[in-house]
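J.:
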Amino acid sequence: SIDGQYLAIGCYHNKIKIYRTITWDLLKTLTIKIEKDVNPTVHKLAFSPDGKYLASGGGGSKVRLWPTKIWKNK
98 SIDGQYLAIG CYHNKIKIYR TITWDLLKTL TIKIEKDVNP TVHKLAFSPD
148 GKYLASGGGG SKVRLWPTKI WKNK
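Given below as structure tokens:
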């Protein structure tokens, strides 16, 4: 993340794992709904400059926006 507090890791099988960098605790696993005949790998991740969203891109050539508030404040 922009502030260095979170690390997002794209995984095979349509998963994104979010870790808190201070403790390396796994905070959240995001699962991407996959359409038929689409590669489930997450290829790209980027945090928005204001830190409010995580963008993910993968085999289906779709970009998804995830609000970071779903794992912050835990």
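When you number the sequence shown by our numbering, it's gap-free, plus one each residue, and the end is 171.
Beta carbons: idealized from backbone N, C-alpha and C, even for Gly.
The structure presented is a predicted model; accordingly, all values stated were derived computationally and were not measured.
1) Ordered along the chain, which non-local residues of its own chain (more than five positions away) have a Cβ less than 6 Å from that of V139?
2) With K125 and I167 assumed to form a contact (beta carbons below 8 Å), what rounded beta-carbon distance in angstroms separates them?
3) Under 6 Å Cβ to Cβ from L162, same chain only, skipping five residues before and after it: list those, please.
4) Using 8 Å as the threshold, is the C-beta distance between L127 and T118 below it?
5) Bridge partners for P164 per DSSP, in chain order?
T.: A quick look at the data gives this:
1) Counting from one through the sequence shown, the residue named residue 139 turns up at place 42. Contacts found: G107, I113, S153, G155.
2) Taking the first residue of the sequence shown as 1, we reach residue 125 at position 28. Taking the first residue of the sequence shown as 1, we reach residue 167 at position 70. Right, their Cβ atoms sit about 7 Å apart.
3) Here residue 162 is taken as the residue at index 65 of the sequence shown, counted from 1. Take L162, set aside five residues on each side of it, and the residues of its chain with a beta-carbon closer than 6 Å to its own are Y150, A152, in chain order.
4) Numbered from 1 along the sequence shown, position 30 holds the residue referred to as residue 127. Numbered from 1 along the sequence shown, position 21 holds the residue referred to as residue 118. Not closer than 8 Å, so no.
5) Counted from its first residue, the sequence shown places residue 164 at position 67. In DSSP, P164 forms a bridge with Y150.
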